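Here this note's numbering is used: the first residue of the sequence shown is 220, the next is one more, and so on. Scroll down for the structure; my scribbles are underneath it.
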Amino acid sequence: MLDLNGKSILITGGTGSFGKMFTKLIFERYPNVKRLVIFSRDEQKHYQMSMDFPEDTYKNIRYFIGDVRDRKRLIRALEGIDIVIHAAAMKHVHIAEYNPMECVKTNILGAENVIEAAFSTGVRSVVALSTDKAAAPINLYGATKLASDKLFVAANNIKGKRDIKFSVVRYGNVMGSNGSVMPFFLKKKEEGILPITHKDMTRFNISLEDGCEMVFNAIENAFGGEIFVPKIPSYKITDVATAIAPECEQKIVGIRPGEKLHEEMITSSDSLNTYDLGKYYAIIPTKPVFDVNEFMSTFNAKKVDEGFSYNSSENEEWETIESLRALIKKHVDANFSL
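Structure, rendered in structure tokens:
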């Protein structure tokens with residue numbers, strides 16, 4: 220049973236949607252956490268988050284302004300930290316396409332800095348957040364996150380005698396997160412027209428809470444080097460539009476630069492190293508630092524068939540218009556009318 224009471228935890232990019240939800244769950248479940256450090260470069264977001272989690276009420280929270288591009292600042296922030304959740308990233312596909320080197324500096328060089336800072340400060344566990352766009356990437360954002368994933372997986376090979384493990388969690392679109400489609404459509408429906416990139420477009424769907432649960436699972440169970448992938452439903456983008464505003468016109472505007480028609484979280488090439496853990500899949504390194512038989516026994520894991528892939532268009536589980544409406548009300552907008 221995972222117990223984070225008495226532990227010191229740092230979240231990079233901690234003022235984002237994930238960081239806020241993870242902070243909420245930490246204080247609900249582990250009120251005696253020793254220290255929770257919110258690390259982010261955005262001063263305004265620090266201020267806004269401190270209104271929801273004030274230091275005079277949440278005695279163990281700390282707000283630390285810093286950028287993952289700044290290794291010295293990271294090392295200072297990680298002093299005395301046991302667990303790092305790496306959520307900081309440039310995430311908007313079209314912005315990354317236009318500003319490629321800025322995306323590389325944050326997503327790749329920032330990942331390297333997190334690894335090196337963790338090595339320098341005695342951190343015991345690092346869990347990095349990834350994205351479905353890192354599987355067979357066609358855009359720069361996905362390519363940088365694939366490189367980031369590779370760095371965190373390979374970090375287990377160079378840890379030497381340090382008692383530390385690195386793992387990755389990879390999941391799809393998060394309901395209600397900044398820049399995601401559901402709040403976007405909720406806002407646009409007032410105009411009477413919802414822009415649809417492609418009528419056949421599909422995406423994976425996960426709630427912020429379930430994304431956080433994946434991180435808790437990785438903290439507790441990772442051997443070191445796994446990429447954990449959840450089994451989650453898909454949705455059609457047109458169904459999301461219909462669920463939110465059935466009265467609105469759906470205008471096809473075309474796929475944006477770097478955007479996929481369907482998303483993929485496990486490619487057929489990954490199948491050679493992918494295991495079914497029940498609730499999750501795990502892609503393990505070709506040469507893991509742990510005993511694979513012990514790993515399989517611990518998780519009651521089964522190797523997937525060669526050629527297996529996991530993509531949003533061929534998923535076995537789908538959200539319906541009705542289920543999407545219920546999820547939007549629960550996770551995105553409590554005032555949404557069913």
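The beta-carbon is built from N, C-alpha and C at its ideal position, and this holds for glycine as well. Predicted, not measured: the structure shown is a model, and the values here were computed from it.
For Tyr282, DSSP records a beta bridge to Ile257.
A Cβ-Cβ contact shorter than 8 Å links Leu229 with Phe258.
Contact check for Met401 against Ile547 passes: the beta carbons are separated by less than 8 Å. The segment 415-425 makes contact with the segment 445-457, as at least three CB pairs between them are under 8 Å.
For the set Lys253, Lys226, Ile245 and Ala306, the Cα lying nearest the Cα of Arg260 is the one of Ala306. Taken through DSSP and simplified to helix, strand or coil, His550 comes out as helix. Between the beta-carbon of Ala462 and that of Arg544 there is about 5 Å, and that keeps the pair under the 8 Å contact cut. Contact check for Lys310 against Tyr360 passes: the beta carbons are separated by less than 8 Å. Here Ser426 has Met394 and His550 as same chain residues with Cβ atoms under 6 Å from its own Cβ, once five neighbours each way along the sequence are excluded. Just measuring C-alpha positions, the residue of Glu535, Gly398, Asn376 and Lys364 sitting nearest Val388 is Lys364. In this structure, Leu405 and Asp552 form a Cβ contact; the two beta carbons are roughly 6 Å apart against a cut-off of 8 Å.
The distance from the Cβ of Thr517 to that of Glu478 is about 38 Å, inconsistent with a contact at the 8 Å cut-off. Within the same chain, Cβ atoms closer than 7 Å to the Cβ of Pro356 are found at Ala362 and Leu365, the five residues on either side in sequence being excluded. Each of Pro465, Glu513 and Ala337 was checked against the Cα of Asn440, and the nearest Cα belongs to Glu513.
Taking every protein chain shown into account, the CB of Asn530 has 16 or more other CB atoms within 10 angstroms, so this residue is buried. Membership of His265 in the alpha helix (DSSP H) is indicated by the continuous run Glu262 to Asp271. Your pair Pro504 and Gly411 does not check out as a contact, with CB atoms roughly 51 Å apart and the cut at 8 Å. Residue state for Tyr360 is assigned as helix, using DSSP reduced to three classes.
Taking 8 Å as the cut-off, the beta carbon of Val511 is found no closer than this to the beta carbon of Ser490. Positions of the alpha helix (DSSP H) runs, each at least 4 residues long and wholly inside the segment 434-474, are given as 456-463 in order along the chain. With contacts defined by Cβ atoms closer than 8 Å, Val434 and Phe241 form a contacting pair. For the pair Val346 and Ile377, the CB atoms are not nearer than the 8 Å cut-off. With contacts defined as CB atoms closer than 8 Å, Gly232 and Ala308 qualify as a contacting pair. In the structure shown, Tyr390 adopts extended strand secondary structure according to DSSP, grouped into three states. Rounded to the nearest whole angstrom, the C-alpha separation of Val252 and Leu223 is 6 Å. CA-to-CA, the gap between Leu557 and Ala464 works out to about 11 Å. Judged by DSSP in its simplified three-state form, Pro507 adopts coil rather than helix or strand. In the DSSP assignment, Thr493 falls within the beta strand (DSSP E) that extends over Thr493 to Asp495. The continuous beta strand (DSSP E) containing Met484 extends over residues Glu483 to Ile485. Rounded to whole angstroms, the gap between the alpha carbons of Ile438 and Glu541 is 34 Å.
Out of Tyr266, Phe403, Arg248 and Gly299, the CA that lies nearest to the CA of Thr234 is found in Tyr266. With distances taken between CA atoms, His313 lies nearest to Ile474 out of Ser532, Glu482, Leu480 and Ile474.
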